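Asker: Please read through the structure below; I'll follow up with questions.
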Amino acid sequence: MEYLFLIVIYNRSLKDSQSICSLIKSISTLEGSTFIIWDNSLEPQAKSQLDWLSSELKKNNFIYKHTPENKSLSEIYNSFLTLAPQKKDFIILLDHDTSFDLHLFTAHREALNDCTITNLYLPIVKFKNKIVSPGKQVFFKSLPYKNLHPGLMPSRHNTAINSGMIIRWSYFTETFKGYDKRLKFYGTDDYFMMQYRKTNKSFYLLDYTIEHDLTCDPEADDIYKFRSSFQEAQKSFLILHSNGRTLSMAGLVVFIRRLKHTIKFKINFFS
């Protein structure tokens with residue numbers, strides 16, 4: 015099984031990326047894979063960092079792309095395949111702050127041996143011991159699951175975050191038509207799931223849990239960083255629901271969210 019990994023990092027050294035360190039710990043199961051490191055940091059990685067990673071990834075292909083202009087995720091996701099030297103079986107998307115081990119990949123292989131063919135495999139994702147992905151999508155609200163069981167899950171009324179997605183190469187390159195270019199750093203995951211639901215009735219939930227750090231969560235440690243992320247997320251939310259009457263309802267939802275957070279945190283979420 016060969017994977018193409020895309021790891022997007024921002025203002026983080028390679029050695030300080032939880033995702034990259036997790037991949038290194040799992041390298042024994044990833045023979046034949048390709049790793050694309052897309053670095054949105056202002057400054058490129060030091061040569062010592064790149065040499066270290068090249069050594070740790072053994073004989074696997076390693077590609078480093080630096081874009082100091084901080085390209086949007088939609089731009090990156092729409093173009094990274096041009097860097098791939100050859101076709102793989104699956105694509106795995108990762109942010110820089112996701113923790114896992116080699117059992118993620120053994121869980122994926124076990125799912126494939128289950129003889130259930132699907133185009134998307136998702137781990138359970140937790141933040142501060144709470145399940146954040148997949149989540150139930152009810153109208154405009156994403157509701158967390160308290161308990162989940164591995165196996166096929168319906169795509170309808172479910173969403174997921176990008177980091178940890180294992181996407182079949184053929185679906186991503188042939189059926190999926192790319193990301194909405196208006197989306198910057200939030201909303202690409204919801205957009206992908208919205209498009210996925212149109213042609214796929216189900217995805218496979220792996221018997222594996224990863225840890226992921228969220229900045230756009232009310233329980234994030236830095237409330238001002240959360241506010242900034244929240245504002246960007248709401249802009250993306252309006253883009254995702256920008257058709258006719260749906261936009262009016264989405265605008266009302268955003269107003270209520272801002273009011274709720276302003277009252278709760280006693281800082282202005284309207285600016």
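So for the sequence shown, the working numbering puts the first residue at 15; every next one is plus one.
Glycine is no exception: its CB is placed at the ideal position from the N, C-alpha and C atoms.
Bear in mind that the values here come from a model prediction, so they are computed numbers and not experimental data.
Entirely within the stretch 70-148 and at least 4 residues each: give me those alpha helix (DSSP H) ranges in chain order.
Answerer: As far as the stretch 70-148 is concerned, its whole alpha helix (DSSP H) runs of at least 4 residues are 87-93, 117-127.
Asker: What do you reckon, are the CB atoms on K224 and K140 nearer than 9 Å?
Answerer: At residue 224 the sequence reads Ile, which differs from the Lys that was named. Closer than 9 Å, so yes.
Asker: Where does the unbroken alpha helix (DSSP H) through I38 begin, and where does it stop?
Answerer: Segment 32-39, the alpha helix (DSSP H) holding I38.
Asker: Are there any heavy atoms of the ligand GDP lying less than 8 Å away from the beta-carbon of N161, as far as the coordinates show?
Answerer: Because no ligand of any kind appears in the structure shown, any question about the ligand GDP cannot be addressed here.
Asker: Return the chain-ordered list of same chain residues with a C-beta closer than 6 Å to the C-beta of G201, the five sequence neighbours on each side being excluded.
Answerer: Excluding positions up to five away in sequence, the list reads S250, L254.
Asker: Any idea which residues DSSP pairs I253 with across the strands?
Answerer: Its beta-bridge partners do not exist; DSSP assigns none.
Asker: Going by C-alpha distance, which of D204, S62, L219 is nearest L162?
Answerer: Residue L219 is the option with its Cα nearest to L162.
Asker: Can you tell me which residues form a DSSP beta bridge with R182?
Answerer: F104, per the DSSP bridge assignment.
Asker: Does DSSP put F217 in a helix, a strand or coil?
Answerer: F217: strand per DSSP, three-state reduction.
Asker: Can you give the Cα-Cα distance for N257 and P82, rounded to whole angstroms?
Answerer: If I take the Cα positions, the gap works out to 33 Å.
Asker: Taking the continuous beta strand (DSSP E) assigned at T48, which residues delimit it?
Answerer: 48-53 is the span of the beta strand (DSSP E), which, as asked, contains T48.
Asker: With distances taken between CB atoms, is the gap from S31 to H117 smaller than 9 Å?
Answerer: No, these two residues do not count as a Cβ contact at 9 Å.
Asker: Check H226 in the structure and name its three-state DSSP category.
Answerer: Of the three classes helix, strand and coil, the one that applies to H226 here is strand, per DSSP.
Asker: Would you identify the three-state DSSP class for Q59, choosing helix, strand or coil?
Answerer: Three-state DSSP puts Q59 in coil, outside helix and strand.
Asker: Using 8 Å for Cβ pairs, my map puts N92 next to N214. What's the rounded Cβ distance?
Answerer: That belief does not hold up - the Cβ atoms of N92 and N214 are roughly 20 Å apart, past 8 Å.
Asker: Between T130 and L166, which are expected to be in contact by the criterion C-beta below 8 Å, what is the C-beta distance as a whole number of angstroms?
Answerer: Sure, about 6 Å apart at Cβ, within 8 Å.
Asker: Whose CA, out of W183, P137, G149, N54, lies closest to the CA of F104?
Answerer: Ranking the options by Cα distance to F104, first place goes to W183.
Asker: R26 and S55 - do their beta-carbons sit closer together than 9 Å?
Answerer: Result yes, Cβ atoms of S55 and R26 sit closer than 9 Å.
Asker: Can you list, in chain order, the residues of its chain with a C-beta nearer than 7 Å to that of F287? Leave out the 5 residues immediately preceding and following it.
Answerer: Past the boundaries of the shown model lies residue 287; the chain is included only from 15 to 285, so the question cannot be answered.
Asker: Helix, strand or coil, according to DSSP, for I21 in the structure here?
Answerer: Strand at I21.
Asker: Could you pull the DSSP bridge partners for M167 from this structure?
Answerer: DSSP lists F217 as partners of M167.
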